[in-house]
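Residue numbers (the numbering used here): 164 to 630. Don't be surprised by glycine CBs; every beta carbon is placed ideally from N, CA and C. Notes follow the structure.
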């Protein structure tokens, strides 16, 4: 007999959701799961049509109607309600400076959601003093990730345009969140695919123990060795005693970004391979290790249904590469691509199980790690098919930090709407990593990438000497 809550069937959390509740334990501030973002358009917007479009988008997206509750044992489960009936507010920031408006929206982003039986998102229609109008949206990471969030925004814009403009087609249906959820749960219930994926990752872990590389070199590793009295220790502590975070953003212009993208197209690799190559080579230069590990996020949206079902589907794994300085830049990029392709094939595996298995295999002091940072690349933009019909309407997107992070450093790379250039968004613990350290890192990572793109057959060791 299927359990129900308020008349709706209930489901357990998926692995991707449990991953979020897993790190929530280490952070006393529940807003760590908040994602705040805004999309504003430089055109006259009919607010009543916009409001109707938002309600319609809610209707079409199950993940935006998710609710959570706990059973007697404290286990969290989820269900989807039929419709969203909240009022959608409008806030006029016309008389405020852009800085004041942003500071208010940052404040909104720091307000945690109530977990039990309450909506896990908030949408506010906004007007800003630069003459732009649009939406601020806050969602819980338990219900959405960056890709599903961008897709939801896009759906609202397309529904709005269909209602107002001739010749803009009604957007195709979203996919069912519940259907994908059931597939994920079937996978987790001991499927053959799960056994194959576990074998792949366990074999990787069994091969040998990774080693920690620091953003400033060996300082953290040496400190950990001194603290434990173990000269062979391969892990270090890189988080601080405070989860307070800052967001520092570095902008790469459109033209140099295009040079990177052209290289990727020519050699059939994704930009994330190039970013990983730049980052790992920087750590290699500073630490003198050919062996570098960085956490990477995988979106798990290969099929159209996965792309359009909303929800949170990101799994994050340590990505370890051993690439010698005698190899060429291109050989390094290809090695990363090949390994990435294998990760994609097995990415449904539970990251928490990965870390648990690794901790049993290599018992180390708690709170120490091999990975100095995490990387996510977000290729998706609103410029996707469909919205190009609107001509040259200018729009802006902005992400607002929630003020806390459980990781020392988390880099998200995404494209800017204005010129398709890259924004490097470093969210970091204020006490663990400084803006100055990030500036130096950003500078060198870019130099390594551009040098490699210009001369892909140069040996990595030579590139590291040149930069």
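- Residue 535 carries a coil assignment under DSSP once its states are collapsed to helix, strand and coil.
- Judged by beta-carbon spacing, residue 565 lies beyond the 8 Å limit of residue 412, meaning their Cβ atoms are not closer than that value.
- When rounded, the separation of the alpha-carbon atoms in residue 426 and residue 436 is 11 Å.
- Boundaries of the beta strand (DSSP E) harbouring residue 414: 408-415, taken from the DSSP string.
- Separation of residue 350 and residue 510 (C-alpha to C-alpha, rounded to the nearest whole angstrom) is 12 Å.
- For residue 577, the enclosing beta strand (DSSP E) starts and ends at 572-578.
- The DSSP-derived three-state label of residue 266 is helix.
- At a Cβ-Cβ threshold of 8 Å, residue 455 and residue 484 count as neighbours.
- DSSP, read as helix, strand or coil, puts residue 567 in strand.
- Residue 600 and residue 378 do touch by the CB rule: their CB atoms are close to 6 Å apart, below 8 Å.
- Taking a 10 Å sphere around the C-beta of residue 176, we find 16 or more other C-beta atoms and assign the residue as buried.
- The three-state secondary structure of residue 525, taken from DSSP, is coil.
- Residue 183: member of the alpha helix (DSSP H) spanning 178-187, first to last residue.
- The bridge partners DSSP lists for residue 286 are 300.
- For residue 327, the closest of 194, 212, 596, 514 by C-alpha to C-alpha distance is 212.
- Restricting attention to 234, 505, 481, the CA atom closest to the CA of residue 167 is found in 234.
- DSSP places residue 454 within a strand segment (E or B) once states are collapsed to three.
- The segment 246-259 makes no contact with the segment 354-371; the number of CB pairs closer than 8 Å stays below 3.
- Contact check for residue 560 against residue 200 passes: the beta carbons are separated by less than 8 Å.
- Residues of the same chain with a CB within less than 7 Å of the CB of residue 414, apart from the 5 flanking positions on each side, are 584, 586 in chain order.
- Using a 10 angstroms sphere on the CB of residue 495, the tally of other CB atoms reaches 16 or more, which defines it as buried.
- The residues 456, 457, 458, 481, in chain order, have a CB closer than 7 Å to that of residue 534 in the same chain once the five nearest residues on each side in sequence are set aside.
- Closest in C-alpha terms to residue 276, from the list 260, 489, 302, comes 302.
- Of the residues 362, 311, 402, the one whose Cα lies closest to the Cα of residue 338 is 311.
- Going by beta carbons, residue 372 and residue 397 fall inside the 8 Å limit.
- When the Cα atoms are used, residue 174 and residue 520 turn out to be separated by approximately 26 Å.
- Here DSSP, grouped into helix, strand and coil, assigns residue 515 to helix.
- A residue is called buried when at least 16 other Cβ atoms come within 10 angstroms of its Cβ; residue 170 does not meet this threshold and is exposed.
- The three-state secondary structure of residue 376, taken from DSSP, is coil.
- Our two residues, residue 194 and residue 278, have alpha carbons roughly 11 Å apart in a direct line.
- Using a Cβ distance threshold of 8 Å, residue 307 and residue 198 count as a contacting pair.
- Listed in chain order, the non-local C-beta contacts of residue 438 below 7 Å within the same chain comprise 538, 540, 576, local neighbours out to five positions each way being set aside.
- Residue 382 and residue 404 have their C-alpha atoms some 18 Å from each other.
- Following the DSSP letters along the chain, one finds residue 204 inside the beta strand (DSSP E) bounded by residues 197-204.
- Listed as beta-bridge partners of residue 481 by DSSP are 458.
- By the C-beta density criterion, residue 274 is exposed, having fewer than 16 other C-beta atoms within 10 angstroms.
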